[in-house]
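In this note's numbering, the protein residues as written are 1 to 196.
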């Protein structure tokens, strides 16, 4: 399979959720070791992608002030698939690498591993806790068609969308991407609730 150059990939960070279990705190701006999550992840993969888009449904000026490009959902109340639809529509590269903004650990090899193991339309991750459908590499042209078909059929599950695309599933053995969903998750990651 042909290699994919960094100039052909956009990083799409999913930060549009409501964070209900955290009292509505915006996960993008949770601070770990002095760095907001959205900034941490956007810089971690900076050398491997040509652009960073952030699926964000509130406070676009704050993202723009951080040098990030916010992309709001174009469909209401459709969950992560709405974020994928909006990111695909805004993506100017052939490939989109997605990560949820609340991922706890995503090391530099994640994208390279997905690239190397991809099927025609991309790949999705599986860690020691199971499938991680939003840690994925997508062929944008195919994603646009598949997400439109899924939405037209009323299918909002990301797993179903990935089945439509026959994405390769890549096992990351010994890895736990984790997430920042609850006050307990924040405490374990060293994030004070007052700073969240």
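By construction, the Cβ of each residue, glycine as well, lies at the ideal position given by its N, Cα and C atoms.
All figures in this text were calculated on a predicted structure; none of them were measured in a lab.
Residue state for residue 50 is assigned as coil, using DSSP reduced to three classes. The way I'd put it, the segment 152 to 163 doesn't touch the segment 38 to 56; fewer than three beta-carbon pairs between them come closer than 8 Å.
Secondary structure at residue 39: helix, using DSSP grouped into helix, strand and coil. Taking the C-beta atoms as reference points, residue 135 is found nearer than 7 Å to residue 125. In the displayed model, residue 155 falls within coil according to three-state DSSP, outside both helix and strand. For residue 127, no alpha helix (DSSP H) segment is defined; the enclosing uninterrupted segment is the beta strand (DSSP E) at 122 to 127. In the structure shown, the three-state DSSP call for residue 12 is strand. Taking a C-beta distance under 7 Å as the contact criterion, residue 50 and residue 7 qualify as a contact pair. Our two residues, residue 116 and residue 143, have alpha carbons roughly 19 Å apart in a direct line. Rounded to the nearest angstrom, the gap between the Cα atoms of residue 105 and residue 15 is 16 Å. If you draw a straight line from the Cα of residue 75 to the Cα of residue 5, it is about 31 Å long.
Excluding the 5 residues flanking it on each side, residue 69 has same chain C-beta neighbours closer than 6 Å at 53, in chain order.
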